[in-house]
Amino acid sequence: MDFLPLFQWLGHTPVGVFMQQSTYAFAVVEMVHLLSLAILGGVILLIDLRVLGLGLKDQTTGVLAQQLKPLLIGSLLVSVVSGILLLSEEPIKCYFNPAFRAKMLFLALAVVFYFAVQDRVFRLQPGASSLPAKCVGVVSLLLWLSVGLAGRAIGLL
Amino acid sequence: MADRTILKRRNPERKLLQEFCQWLYDSTIGTSIRESIWVFPIIETVHVLGITLLVGTIAILDLRLLGVVLKREPVARVAGGILPLTWAGFAVMFVSGFLLFWSEASKSYANPAFRIKLMLLLLVGLNPLIFHFTIYRTVGAWNNTVVTPFRARLAGLFSLTLWAGIICAGRAIAYFQK
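Note that the protein sequences, when read in sequence, are chains U and C. With numbering that gives the first Met the number 0 applied, the first sequence closes on residue 156, and no number is skipped along the way. With numbering that gives the first Met the number 0 applied, the second sequence closes on residue 177, and no number is skipped along the way.
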């Protein structure tokens with residue numbers, strides 16, 4: 000599947016044109032992206048570290064994950080929307096940036112892993128602290144860390 | 000005349016601070032970090048991702064105080080579980096942040112975003128001190144309530160606002176760095 004036309008289209012949308020022409024929009028949206036990263040990262044850390052026996056130990060992982068889910072989805076949505084706005088400033092450059100491609104791949108993997116595997120594990124075994132559950136926590140942490148590292152690298156490449 | 004006296008009195012301390020920053024900037028460690036291709040970006044990456052452990056965790060405690068998340072969990076239990084992680088995050092951020100400052104000290108000294116960030120950090124440090132020695136002493140009485148006392152909600156709101164300001168000011172440092 001070729002995504003290039005989609006990226007080209009994004010750069011020509013009114014939003015893309017605005018992002019390219021405005022002096023402050025990119026900086027402001029970047030700050031919003033960072034703020035949503037803080038919350039999203041905080042939620043993921045609290046859930047995955049709980050599986051590994053750290054942090055909010057008095058509550059089971061299942062109940063904790065269930066209670067933090069709205070915040071996880073909310074902060075993920077803000078990151079994605081602000082991310083698309085940032086992308087619309089330089090879509091073609093990002094399209095050819097290996098760090099950007101890696102970030103999108105890891106993001107897709109991390110999100111799918113959360114909703115397809117983790118969420119189900121937590122629901123079936125709310126008190127899970129078995130070895131498989133811990134492996135799930137470690138995989139999740141590594142996937143999200145990769146998203147962060149690749150994201151950081153976009154500006155360096 | 001009066002203005003000049005104030006300036007004269009403040010000048011020596013200011014100069015001392017500026018010279019200290021210049022000394023850090025010129026030091027072997029400061030120069031090595033600045034001139035290395037990889038060291039600065041690596042420390043910066045640790046500092047950016049460390050936001051999740053410091054601000055991400057404390058924000059969830061603040062949101063509990065505001066009654067937004069973890070409503071069924073007692074406040075003291077949430078605080079007890081989260082704060083060790085927040086302190087670990089603080090250690091990561093302090094060390095990485097100081098190393099970044101070390102390599103850019105004389106530029107940071109004159110950077111308005113850096114100055115604002117430091118002032119906000121001072122305020123965000125005062126907030127939990129006040130919170131812990133005042134309203135948190137009576138936490139036993141409101142531990143299980145969804146809606147915490149006004150002053151506890153105020154502390155949560157202050158913390159969230161100040162940390163958001165610190166992240167934004169921190170990002171802005173790069174825009175003002177010359």
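Just so it is clear, CB atoms sit at the ideal spot from N, CA and C, and this is done for glycine as well. Fair warning: this is a prediction, and the values are worked out from it, not measured in the lab.
Beta carbon of residue i, beta carbon of residue j: below 8 angstroms?
i         : j         : result
C:Ile-81  : C:Leu-52  : no
U:Leu-39  : U:Ser-87  : no
C:Arg-152 : C:Thr-133 : no
U:Lys-102 : U:Gly-41  : no
U:Asp-47  : U:Ser-139 : yes
C:Trp-162 : C:Val-138 : no
C:Ser-105 : C:Phe-113 : no
U:Ile-43  : U:Ala-98  : no
U:Leu-67  : U:Leu-45  : yes
U:Leu-108 : U:Leu-142 : yes
C:Glu-103 : C:Arg-170 : no
C:His-131 : C:Met-92  : no
C:Leu-119 : C:Gly-55  : no
C:Gly-66  : C:Thr-147 : yes
U:Lys-133 : U:Leu-51  : yes
Please check the pair residue i and residue j, which I expect to be a contact at CB under 8 angstroms, by giving their CB distance rounded to whole angstroms.
i         : j         : result
C:Val-68  : U:Leu-70  : 5 angstroms
U:Asn-96  : U:Leu-156 : 6 angstroms
U:Leu-106 : U:Val-146 : 5 angstroms
U:Gln-58  : C:Glu-72  : 6 angstroms
C:Ile-50  : C:Ile-166 : 6 angstroms
U:Leu-63  : U:Arg-49  : 6 angstroms
U:Val-31  : U:Ser-81  : 5 angstroms
C:Ala-154 : C:Asn-126 : 6 angstroms
C:Ile-57  : C:Leu-99  : Not a contact, Cβ separation roughly 21 angstroms.
Take the Cβ of residue i as the centre, count every other Cβ of all protein chains shown within 10 Å, and call the residue buried at 16 or more, exposed below.
i         : result
C:Trp-101 : buried
U:Ser-21  : exposed
U:Tyr-113 : buried
U:Cys-93  : buried
U:Gly-136 : buried
C:Trp-22  : exposed
U:Gln-117 : buried
C:Met-0   : With a pLDDT of 45 at C:Met-0, under the threshold of 50, the modelled position of that residue is not reliable, and the figure given next carries that caveat. Burial call: exposed.
C:Phe-97  : exposed
U:Leu-5   : exposed
C:Tyr-24  : buried
C:Trp-37  : exposed
C:Arg-13  : exposed
U:Thr-60  : buried
C:Ala-168 : buried
Determine the chain A residues that contact residue i at a beta-carbon separation under 8 angstroms, and present them in chain order.
i        : result
C:Leu-84 : Within the model displayed, chain A is absent; protein chains U and C are what it includes.
May I ask whether a heavy atom of the ligand FAD can be found less than 7 angstroms away from the beta carbon of residue i?
i        : result
U:Val-14 : This structure does not include the ligand FAD; it has no bound ligands of any sort.
Within 9 angstroms of chain U by C-beta, residues of the segment 46-78 of chain C in sequence order:
Val-47, Leu-48, Ile-50, Thr-51, Leu-52, Leu-53, Val-54, Gly-55, Thr-56, Ile-57, Ala-58, Ile-59, Leu-62, Val-67, Val-68, Leu-69, Lys-70, Arg-71, Glu-72, Pro-73, Arg-76 and Val-77
Scan the segment 56-75 of chain U for residues whose Cβ lies nearer than 7 angstroms to a Cβ of chain C and list them as they occur along the chain.
Lys-56, Asp-57, Gln-58, Gln-66, Leu-67 and Leu-70
Which of the residues in the segment 99-122 of chain C, read from start to end, lie with their CB under 8 angstroms from any CB of chain U?
none
In chain order, what residues of the segment 77-95 of chain U put their CB closer than 9 angstroms to some CB of chain C?
none
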